[in-house]
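First up is the structure itself, then whatever we jot down about it.
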Amino acid sequence: MKIVIVDYGMGNIKSITSALKYLGVKDIILSSNSDDIASADKLLLPGVGSFAKAMQNIEKLELDKILYNEVVVNKKPILGICLGMQLMGKSSTEDGFTNGLCFIDAEVNKLSVEKLKVPHVGFNQVIVSETSKLYTDLDNLSDFYFTHSYKMSSNKSINQAKCEYGEKFIVSYEFDNIAGVQFHPELSQTHGLKLLENFIKSF
Amino acid sequence: MLRKRIIFTLIYDNGSFNQSRNFRLQKVGNIRWLERNYKFKDIAFALDELVVLNASKKNKSIEDFAETLTKLVDDVFIPIAAGGGIRTLEDAELLFASGADKIVLNTVLFKDKSLVMELVSLYGAQSIVASIDYKRVANSLKVFIEDGTFELDMNLKEYISYIENLNIGEIYLNSIEKDGTGFGYDLETIKKISKDITTPLIIAGGAGNEEHLLSGLNLEGVNAVATANLFNFVGDGLPKAREHIINANINIAKWS
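Those sequence lines, one after another, are chains A and B.
Here the numbering used here runs 187 ahead of the position in the first sequence, where the first position is 1.
Here the numbering used here runs 1 ahead of the position in the second sequence, where the first position is 1.
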């Protein structure tokens, strides 16, 4: 099993790397190189920080084209985490308006939570989608660790799981070979490790 | 529902872990001591987050601190926030690369606003925790920076609104007077200010037992309680405290 963590210069990858190692993945590389990405069995798109800055970096490295080819054309399994999940959507209104990778028909906007605090930070319970592969053997309302101020929404059916914080919003999607999670599985103890294992096994 | 959190804070000083009392440090043991007495791989279930602070007053080395941090966080799959002595972008990068999921800023919040803004724009607000140390001076709550050694000419309320304007992700509010006493949190002050704070709030300073943690978690506007008491929660102290808190029906994460 070879997993390439797509490197576009943003985000902490130590936790995710050690989670994958813990799960027994032998071959883990961090790379933005098209040959490396082509040779991977599965891809991980991590990331924290600004959507606009991330897309700038991605375009500069031509990762938009490389990923389109591997993910959309060649159907290579990919899991986006946090910002990585959002980047595969159509657009974000963080820092103006930025187009995303457009693999998933969904948009990213600021959380509208009225009197609640932003960022949404801490463990929250996920309302699991029943047809999901990511949550196999995980109970409905399992806790996962979140830390974000923007959320994803979509009119389409993308096998979404949701969570409630002021409003209900998408916290994961599974569409064909493409999956994304708003929370951090690598920081969510046994639940997160199980979810990563499910991605590795079932996608 | 969003859960409240229990956080354990480790105070590091030049290679050792310490019990702090009113910001005076007492060495307890090195990383081997810590691994023997706090098996984070096993007791992570009792915690929602780990904060690791470099409180070295002399020869503060961020490189040595980062090295210890890396060893500490291996196979611990909960969020780690680390800080103490971050003065440059490179310092922040080093801690992120060494296993920090978030960084904790204190002195630079006041001294280098442009660095703070740069860090927020690079890593996102949710990656930045603002640590605020305060103490009562002549009946007014005053804020201190530089490991509690330098008093600012701003009261706590003014400083919190200054901090919230920096658009950071969380506030870690620590009472210097309660620090390490085990007498309980400064509930009086927290009650007065927590309702007006719109940033997720972690309270620290004074917790010596599970009842103290509970009293903090029960306060409106408090999102997380932290304790740095190495003596009182040794062994299975943290798992037992969490059990007690779950039994008291506090809304915290449960693990299956």
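Beta carbons: idealized from backbone N, C-alpha and C, even for Gly.
Since we're looking at a predicted model, the values are computed, not measured.
Boundaries for R4 (chain B): no beta strand (DSSP E) harbours it, and the DSSP string shows neither H nor E there. Inter-residue distance for E178 (chain B) and V53 (chain B) is about 20 Å (C-alpha atoms, whole angstroms). Taking the Cα positions, C269 (chain A) is about 26 Å away from I198 (chain B). Y135 (chain B) carries a strand assignment under DSSP once its states are collapsed to helix, strand and coil. In this model, Y322 (chain A) and V315 (chain A) are separated by some 7 Å (Cα to Cα).
DSSP places T199 (chain B) outside both helix and strand once states are collapsed to three, so it counts as coil. Counting along the chain, the unbroken alpha helix (DSSP H) around L274 (chain A) starts and ends at 270-274.
For Y352 (chain A), the closest alpha carbon among the candidates A:S319, A:E301, A:K343 is that of A:E301. Among the CB atoms of chain A, one or more fall inside 7 Å of the CB of G125 (chain B).
CA-to-CA, the gap between K201 (chain A) and V313 (chain A) works out to about 25 Å. The straight-line gap separating the alpha-carbon atoms of I169 (chain B) and E159 (chain B) is approximately 16 Å. When beta bridges are read from the DSSP output, G217 (chain B) appears opposite no residue. Taking 7 Å as the Cβ-Cβ cut-off, the region 192-216 of chain A approaches chain B at N199, K201, S202, S205, A206, Y209, given in chain order. In this structure, the CA atom of K114 (chain B) is about 25 Å from the CA atom of S141 (chain B).
For G211 (chain A), the number of other beta carbons within 10 angstroms of its own is below 16, and it is reported as exposed. Under the three-state reduction of DSSP output, T228 (chain B) falls in the strand class. Taking a beta-carbon distance threshold of 7 Å, P233 (chain A) does not count as an interface residue toward chain B. For T377 (chain A), the residues of chain B that pass the 9 Å Cβ criterion are F46, F78, W256, S257, in the order they occur in the chain. Below 8 Å, too few C-beta pairs join the region 200-220 of chain B and the region 345-364 of chain A to call them touching: fewer than three. By the Cβ neighbour-count rule, N385 (chain A) is buried, with 16 or more other Cβ atoms within 10 Å of its own. Of all residues in the region 120-144 of chain B, only S122, L123, Y124, G125, A126, Q127, S128 come within less than 8 Å of chain A when Cβ atoms are compared, listed by chain position. Take T204 (chain A), set aside five residues on each side of it, and the residues of its chain with a beta-carbon closer than 8 Å to its own are I192, I215, L217, in chain order.
Counting only residues of its own chain and dropping the five nearest sequence neighbours on each side, P372 (chain A) has a CB closer than 6 Å to the CB of G379, L382, L383.
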